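Asks: Sequential numbering of the sequence shown, starting at 1, is according to our numbering. Please find one structure pasted underneath; my questions will follow.
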Amino acid sequence: MGTPRATPLSLHRIVDLVAELHRRVHVVRSLHALPFALTGVLWASGGLPSTGTLALVVFIVIFGRGLATSLLRFFRAPADVANPESPAEARTSQAVPRPVWAAFAFHAAAFLIFLSYQLNELSGHLSWFVCVGLVVHAAIRRFTGLTHFLVGLGLAGAPIGGWVATRGALTGDAWPIALFGAATLFWAAGLDMVYSLLAPVDAPEHGFQRPPWLTPSWVIRLAQAAQITSLLLFGMALGSYLAKPVAVATTATVAILLVASRISLGSEHAPTIRRRFFWLQFGVGPALLAGTVIHLALL
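Given below as structure tokens:
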């Protein structure tokens with residue numbers, strides 16, 4: 001008898017798909033959102049929270065990243081073909097079938113919601129809105145620049161969600177973390193504006209649809225405005241919670257990272273987006289978390 005042909009659902013095929021999913025979802029990139037969530041947890045607890053809360057928050061962030069990425073691939077959002085962070089992604093854009101992405105998104109959403117309810121009731125209820133927001137973002141991403149602010153809104157939910165995960169409520173004393181969330185929104189929106197320049201504008205199936213006046217130079221200017229706004233809001237939020245010397249030092253560190261990342265782009269008329277830009281930008285979250293840890297250590 002000859003060797004039976006492998007079916008689409010063979011063990012070998014499943015292993016290949018899981019490996020490809022893991023590579024494409026970029027689990028490590030979940031760490032970029034994690035510092036914001038942990039900052040919210042620490043601000044709410046005023047110290048070291050329970051191990052269970054920390055573990056749940058980490059897994060929720062990872063599943064949130066998995067859901068966001070799988071939805072983007074399902075809806076075939078613009079491919080970041082020139083992205084120095086993941087240059088192989090576009091070369092294998094069809095490696096995972098859409099039904100697999102749909103199944104992965106369903107399971108990621110299910111785990112996200114389930115784990116959120118393990119924290120507290122409000123976290124569980126809010127997780128449904130997170131899932132709906134991610135679906136809307138993925139579905140309309142290629143057709144409107146407003147999705148840059150949806151990205152920001154999603155990441156803004158990380159510190160606020162961290163607060164709710166610990167307190168189980170948003171009371172009057174939550175306004176500093178709300179301000180921190182607003183700052184995160186503008187920072188992430190500005191970053192995503194620059195990120196969008198990596199998608200090809202001449203390929204309808206991959207590019208963003210922008211009005212003629214929205215040239216790369218205008219995208220850079222709008223991104224700058226968004227991140228300057230974020231810096232002001234970060235300064236206000238940190239000043240309302242951290243000790244003054246720590247707040248000033250942390251705000252200054254964030255400012256240095258943002259300015260250095262802008263310089264790395266070069267001219268606004270012909271920006272060059274390199275790996276250095278992303279590393280500097282993704283240093284913002286750890287810098288904010290480090291400031292919080294230093295503040296709590298000095299108490």
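Backbone N, C-alpha and C define an ideal beta-carbon position, used for all residues, glycine too. The structure displayed is predicted, hence computed values, not measured ones.
Helix or strand or just coil, what does DSSP make of Glu268?
Replies: Within the sequence shown, residue 268 is the residue found at index 268, counting from 1. Note: Glu268 maps to coil in three-state DSSP.
Asks: Could you tell me the alpha carbon to alpha carbon distance between Leu67 and Ala105, rounded to whole angstroms?
Replies: By 1-based counting over the sequence shown, the position of residue 67 is 67. By 1-based counting over the sequence shown, the position of residue 105 is 105. For Leu67 and Ala105, the distance between alpha carbons rounds to 5 Å.
Asks: Anyone know if the C-beta pair for Leu197 and Ile294 falls short of 8 Å?
Replies: Taking the sequence shown and counting its residues from 1, one reaches residue 197 at position 197. Taking the sequence shown and counting its residues from 1, one reaches residue 294 at position 294. No, they are not a contact pair.
Asks: Starting from the C-beta of Phe74, find all residues in its chain whose C-beta is less than 8 Å away, skip the five residues before and the five after it, and write them out in chain order.
Replies: Here residue 74 is taken as the residue at index 74 of the sequence shown, counted from 1. Cβ within range, chain order: Arg98, Trp101, Ala102, Ala105 and Ala138.
Asks: Would you say Ala252 reaches chain D, if we count a Cβ-Cβ gap shorter than 8 Å as a contact?
Replies: Considering every chain present, this structure includes no chain D. It has just one protein chain.
Asks: Please work out which residues of its chain come closer than 7 Å, Cβ to Cβ, to Leu238, disregarding the five sequence neighbours upstream and downstream, and give them in chain order.
Replies: For the purposes of this step, residue 238 is taken as residue 238 along the sequence shown, with counting starting at 1. Cβ neighbours of Leu238 beyond the five flanking positions: Ala247, Thr250, Thr251 and Gly291.
Asks: Quick check on Ile294: does DSSP put it in helix, strand or coil?
Replies: As a first step, residue 294 is located in the sequence shown; it is residue number 294 there, counting from the start. The answer is helix: DSSP assigns Ile294 an H, G or I state.
Asks: Could you check what DSSP says for Thr171 in three-state terms: helix, strand or coil?
Replies: In the sequence shown, counting from the first residue as 1, residue 171 sits at position 171. Thr171: coil per DSSP, three-state reduction.
Asks: Do Ala165 and Leu115 have their beta-carbon atoms positioned less than 8 Å apart in this structure?
Replies: For the purposes of this step, residue 115 is taken as residue 115 along the sequence shown, with counting starting at 1. For the purposes of this step, residue 165 is taken as residue 165 along the sequence shown, with counting starting at 1. No.
Asks: Are the CB atoms of Ala308 and Phe234 nearer to each other than 8 Å?
Replies: Because residue 308 is not part of the residues shown, which for the chain are 1 to 299, the question remains open.
Asks: With a 10 Å radius around its C-beta and 16 neighbouring C-beta atoms as the bar for buried, classify Thr53 as buried or exposed.
Replies: To locate residue 53, count along the sequence shown from 1; it is residue 53. The residue in question, Thr53, is buried, as its Cβ has 16 or more Cβ neighbours within 10 Å.
Asks: What is the C-beta distance between Val57 and Ala37, in whole angstroms, given that I count them as a contact (C-beta under 8 Å)?
Replies: Reading the sequence shown from its first residue, position 57 is the one you call residue 57. Reading the sequence shown from its first residue, position 37 is the one you call residue 37. The Cβ separation is near 5 Å, so the contact holds.
Asks: Would Ala55 be called buried (16 or more neighbouring beta carbons within 10 Å of its own) or exposed?
Replies: Here the question's residue 55 lines up with position 55 in the sequence shown. Burial call: exposed.
Asks: Can you list, in chain order, the residues of its chain whose CB lies under 8 Å from that of Arg123, leaving out five sequence neighbours each side?
Replies: Position 123 of the sequence shown, counted from the first residue, corresponds to residue 123. For the record, residue 123 in the displayed sequence is Ser; it is not Arg. Result list for Ser123: Ser116, Tyr117, Gly161, Val164, Ala165 and Gly168, in chain order.
Asks: Can you list, in chain order, the residues of its chain whose CB lies under 7 Å from that of Gly2, leaving out five sequence neighbours each side?
Replies: Taking the first residue of the sequence shown as position 1, residue 2 is located at position 2. Any reading at Gly2 needs caution, since the residue's pLDDT is 47, under 50, leaving its predicted position unreliable; the model's value is listed next. Spatial neighbours of Gly2 in its own chain (CB-CB distance under 7 Å, excluding positions within 5 residues in sequence) are not present.
Asks: Would you grab the beta carbon distance between Phe180 and Ala226 for me? Rounded to a whole angstrom, and I think it's under 8 Å.
Replies: For this step, residue 180 is matched to residue 180 along the sequence shown. For this step, residue 226 is matched to residue 226 along the sequence shown. Between Ala226 and Phe180 the Cβ distance is about 16 Å, and since that is not below 8 Å, they are no contact.
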